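Asks: Its first residue numbered 1, the sequence shown is counted upward by one per residue in UniProt numbering. Idealized CB from N, CA, C, for every residue including glycine. Remember, predicted model here, so these are calculated numbers, not experimental data.
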Amino acid sequence: MTSQAPLHRDEDPVFEWALPGLHLKFDHRDDRPVRLVRLATAPEAPSAAAPWAIIDVITAGVEHRASNDQGLLYSSAGQRLRYAGHESDETELRIRQRAPEFGVEVLSVFRVAGPGLQIRHTVRNVADRSLVLLSVSSALVAVPADGAHDLLWGESEWRAEGRWRQRPLSELLPDIDPAMHGGQHPRGLFSLTSHGSWSTGSFLPTGVLAAETVPSIAWQVETSASWHWEVAQTGSTVTVGVHGATDRHHQFAARLAPGEEFTSVPAGLCVADGGRDAAFAALTGYRRAIREVRPVDARLPVVYNDYMNTLMGEPSTEKLLPLIESAAEAGAEYFCIDAGWYATPGSAWWVGAGEWLEAPERFTGGLLSVIDAIRANGMRPGLWLEPEAVGVESAMAERLPEEAFFQRFGERVIVAGNFQLDLRHPAARAHLDETVDRLVDELGLEFIKLDYNRNIGAGTEVDADAPGAGLLGHTRAFRDWLLGVQARHPGVLFENCGSGALRMDYNLLSVAHLQSTSDQEDFRKYAPIAAAAPASVLPEQAGNWAYPAASMGLEETAFAMTAGVMGRLYLSGFLNELSAEQSDLVREAIALHKDWRHRIARSHPVWPLGLPGWGDEVIALQLDTGSESLLALWSRGEAAEVALPGLRGRDLKQAYPVALPEWTIRTDGETPVVELPAGPAARIFTVQR
């Protein structure tokens, strides 16, 4: 429905929208914008929300904001919006507002997705002159400033993804005593902002306001371009503003001619009766609801990839054949040949990328002979691809038109020997369509790993009012391209990757099948990454590397495999060099994962010891299906005893590895207490109610 479609106008200043698991109430009195005044899990449940406007819009050419602070709240145009109608059904609520003096009309769409809401706002220029947008909020919600909430946020880094923090809001937003200062609100805030084209390069686009005594809320920004979210003290409330790209933070602007529209990036919003784990459980259900699940991924197959701690971008027939045989023997169902398959041995394989033709020097008998060997061993073949990158030495750098590449100041953007394709341009899209169609048709590929290894910066100025708008347009076009590829090749699995997990967002994860969670090469450091991953990505999409090595002892081998079991097992390593005892541990882990993978796809994460710290010596992750759970414990330090009060009265049984000593479990009252040896060591337990 466009913003011009007629909507019902309700003269009652308050209206409700009640659904199973959600209850919302809005206020649209004539002297203020439409406000969300209630957000709860049921009509009789307590509300998480305090009254606040549902959108802010900042435009150029007028006073940007009605308040003197550092945030994006109180925009002049947003404050002047007034109710113009609404309608709802069992899946969507649509609310229209207008600010005629600013030439702005907004259609806000709240779509039910599992236990949460997906929110979008479409801004339409209803003036007779052009309108320049500088930011449009994706979601706004306020909670009472009662001191009950902790704020949770995630920091990220190449090979150190998903480092979560939890702090009381009262520590982050100091009380400046507004009454003593004429009632003025504080001008500070707590905010996170992405930088450039790695949507999760520094921070995660997800946040939680968790409380035990009142409902919690959780949110995520769903874009592969730039984003920003902020939490601000606003009098008697604390307000969360969730945004895509903005002028202030990302060099974004969108000029709308009369009648033109701009739609904000989606935001997910969840409410939960309970604390941190309840909020993340709601987010997990929401993420499942917005995924476009395809039959090809229904089996959740185990993939072997030759890169991590193995060939590292230097594949060849001679190196691959023993890996193919040993991966099949271990139980892998797909085999992916990673980077370097197109590059002359010994060359810098990234600067020549872009044409995507095999390097004949690498493959005795050709790449197809290796693909045939994968199939002969009962597995399905896959290849690595970095579709948006064109190396400066690639023939495609000259064949494609200038406008098919990102540009700043009239010059192509170059990062680490690569240009960036702009998928808004038909020549760029046609090149990638031809590439994927050719590889699938000629090689019979059934798996493609889509990587993205460079932060290209603010964006592109080609056919864009500002670089941030160009980046947003490209990422939307890239998602559309991926959907088109999947429609043409419904039997192919697509992995999303970005130097590990530096572009891990639900703009792409709503359509990709799995996500690489890191490029971390130290199996001991992978434990906190794997344990924290379900806070950001669904467990069944969390491609956790499991890369055993002959140099490991048996306890270390089990430790390395545990990360894979507790997500979407992504196998690597020189399996052909392992001892018989190590191989048994690998096969046992894969068998356990296969037994549990469809239950993992129904589970939600629980952290019995809290979200893991990067240096924690004991780490725990529970994947809970309700009646039963899978619990992993990693030991990385001295021997310790760990009490698990959240599992009070539960029955714990060691499920992996059966060939190594069982860890002692005793009870303190009804609370399980596990005795952990010195690490590195890990165990997986089944937990029964």
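(1) Can you find the residues in the same chain that come closer than 8 Å, C-beta to C-beta, to A589, ignoring five residues on each side of it along the sequence?
(2) Apart from the five residues just before and just after D277, which ones in its own chain have a Cβ nearer than 7 Å to its Cβ?
(3) Under the DSSP definition of a beta bridge, which residues are partnered with H604?
(4) In chain order, what residues of the same chain lie with their CB nearer than 6 Å to the CB of R683, ignoring the 5 residues before and after it?
(5) Given a cut-off of 9 Å on the beta-carbon distance, is the pair G340 and G313 in contact?
(6) For the alpha helix (DSSP H) containing residue 713, list its first residue and its last residue.
(7) Taking only the alpha-carbon atoms, compute the straight-line gap between P115 and S603 and give it to the nearest angstrom.
(8) Distance check for P528 and F574, CA to CA, integer angstroms please.
(9) Looking only at its own chain, which residues have a Cβ that is under 6 Å from the Cβ of P677, when we skip the five neighbours before and after it?
(10) Can you tell me whether D519 is buried or exposed, with buried defined as 16 or more other CB within 10 angstroms of its CB?
(11) Taking R399 as the reference, give the member of Q407, W384, A430 with the closest Cα.
(12) Using the Cα positions of R587 and L514, report the straight-line distance between them to the nearest angstrom.
(13) Fully enclosed by the segment 22-85, which alpha helix (DSSP H) runs are 4 residues long or longer?
(14) Between which two residues does the alpha helix (DSSP H) containing P426 stretch?
(15) What residues in its chain sit with their C-beta under 7 Å from that of L432, if we drop five residues either side in the sequence?
(16) Per DSSP, which one or two residues make a beta bridge with G207?
(17) So is V14 buried or exposed if we call it buried at 16+ other beta carbons inside 10 Å?
(18) Could you check if R438 is buried or exposed, using at least 16 other CB atoms within 10 Å of its CB as the buried criterion?
(19) Where do the ends of the alpha helix (DSSP H) carrying A278 lie?
(20) L368 lies in the alpha helix (DSSP H); which residues open and close that run?
(21) Output the distance between the C-alpha atoms of Q220 and L450, rounded to the nearest integer angstrom.
(22) Which runs of the beta strand (DSSP E) spanning at least 3 residues fall entirely within the segment 94-149, listed in chain order?
(23) List the endpoints of the continuous beta strand (DSSP E) containing T664.
(24) Based on the DSSP output, what are the partners of I619 in its beta bridges?
(25) Give me the Cα-Cα distance between residue 691 and E161, rounded to the nearest whole angstrom.
(26) Give the straight-line distance between the Cα atoms of V104 and L209, rounded to the nearest whole angstrom.
(27) Is L140 near T59, with beta carbons less than 9 Å apart?
(28) Of the residues A477, G201, L538, which one's Cα is nearest the Cα of A282?
(29) With three or more C-beta pairs closer than 8 Å as the rule, is the segment 169-176 touching the segment 197-205?
(30) Quick one: residues in its chain with C-beta nearer than 6 Å to the C-beta of H249, no 5 flanking neighbours on either side, listed in chain order?
(31) E675 bridges to which residues according to DSSP?
(32) How about V305 and L571: are their beta carbons less than 9 Å apart?
(33) Does the beta-carbon of F102 have 16 or more other beta-carbons within 10 angstroms, so that it is buried, or is it exposed?
(34) Count the other CB atoms within 10 Å of the CB of A531; is the residue buried (16 or more) or exposed (fewer)?
(35) Rounded to whole angstroms, what's the CA-CA distance from R476 to G244? Just pull it up for me.
Replies: Taking the structure as given:
(1) Within the sequence shown, residue 589 is the residue found at index 589, counting from 1. Here the set comprises A546, A558, M561, T562, G564, V565, L569, Y656, P657.
(2) By one-based count along the sequence shown, residue 277 stands at place 277. Answer for D277: V606, W607, listed in chain order.
(3) On the sequence shown, residue 604 is found 604 positions in, with the first residue counted as 1. Answer is D624, bridged to H604.
(4) Position 683 of the sequence shown, counted from the first residue, corresponds to residue 683. Around R683: L633, Q654, W663.
(5) Taking the first residue of the sequence shown as 1, we reach residue 340 at position 340. Taking the first residue of the sequence shown as 1, we reach residue 313 at position 313. It is a contact, given that the beta carbons lie within the stated cut-off.
(6) Nothing can be reported for residue 713, as the shown portion of the chain is limited to 1 through 689.
(7) Indexing the sequence shown from 1 puts residue 115 at position 115. Indexing the sequence shown from 1 puts residue 603 at position 603. Distance between the alpha carbons of P115 and S603: 14 Å.
(8) Position 574 of the sequence shown, counted from the first residue, corresponds to residue 574. Position 528 of the sequence shown, counted from the first residue, corresponds to residue 528. In a straight line, the C-alpha of F574 is about 24 Å away from that of P528.
(9) Numbered from its first residue, the sequence shown carries residue 677 at position 677. Around P677: A639.
(10) Here residue 519 refers to the residue found at position 519 when the sequence shown is read from its first residue. Flag for D519 reads buried.
(11) For this step, residue 399 is matched to residue 399 along the sequence shown. Answer by Cα proximity: A430.
(12) In the sequence shown, the residue the question calls residue 587 occupies position 587. In the sequence shown, the residue the question calls residue 514 occupies position 514. The straight-line gap from Cα to Cα measures roughly 22 Å.
(13) 76-79
(14) Looking up residue 426 in the sequence shown gives position 426. That run of the alpha helix (DSSP H) goes 426-443.
(15) Translated into positions along the sequence shown, residue 432 becomes position 432. Cβ within range, chain order: P387, W481.
(16) Locating residue 207 in the sequence shown gives position 207, counting from the first residue. Answer is W153, W219.
(17) Taking the first residue of the sequence shown as position 1, residue 14 is located at position 14. Burial call: exposed.
(18) Here residue 438 refers to the residue found at position 438 of the sequence shown. Exposed, because fewer than 16 other Cβ atoms sit within 10 Å of the Cβ of R438.
(19) As a position in the sequence shown, residue 278 is number 278, starting the count at 1. Per DSSP, A278 belongs to the alpha helix (DSSP H) from 276-290.
(20) Counting from 1 along the sequence shown, the entry for residue 368 is found at position 368. Here the alpha helix (DSSP H) through L368 covers 367-376.
(21) As a first step, residue 220 must be located in the sequence shown, where it is residue number 220. As a first step, residue 450 must be located in the sequence shown, where it is residue number 450. Cα to Cα, the separation comes out at about 23 Å.
(22) 104-113, 116-125, 131-144
(23) As a first step, residue 664 is located in the sequence shown; it is residue number 664 there, counting from the start. The continuous stretches of beta strand (DSSP E) do not include T664, and DSSP gives it neither H nor E.
(24) Position 619 of the sequence shown, counting from 1, holds the residue named residue 619. Residue pairing of I619 in beta bridges, as defined by DSSP: W634.
(25) The structure shown does not extend to residue 691, since the chain is modelled only from 1 to 689, so the question has no answer here.
(26) Working through the sequence shown from its first residue, we reach residue 104 at position 104. Working through the sequence shown from its first residue, we reach residue 209 at position 209. Going from the Cα of V104 to the Cα of L209 covers about 31 Å.
(27) Counted from its first residue, the sequence shown places residue 140 at position 140. Counted from its first residue, the sequence shown places residue 59 at position 59. Not closer than 9 Å, so no.
(28) The sequence position of residue 282 within the sequence shown is 282, counting from 1. The shortest C-alpha separation from A282 is found at L538.
(29) no
(30) Along the sequence shown, one-based indexing puts residue 249 at 249. T193, H228, listed in sequence order.
(31) Numbered from 1 along the sequence shown, position 675 holds the residue referred to as residue 675. According to DSSP, E675 shares a beta bridge with E641.
(32) The count along the sequence shown starts at 1 and reaches residue 305 at position 305. The count along the sequence shown starts at 1 and reaches residue 571 at position 571. Just to set this straight, residue 305 is Asn in the shown sequence, not Val. Yes, the Cβ-Cβ distance between N305 and L571 is below 9 Å.
(33) As a working note, residue 102 is residue 102 in the sequence shown. Buried, since its Cβ has 16 or more Cβ neighbours within 10 Å.
(34) Counting from 1 along the sequence shown, the entry for residue 531 is found at position 531. Classification for A531: buried.
(35) On the sequence shown, residue 476 is found 476 positions in, with the first residue counted as 1. On the sequence shown, residue 244 is found 244 positions in, with the first residue counted as 1. C-alpha separation (whole angstroms): 12 Å.
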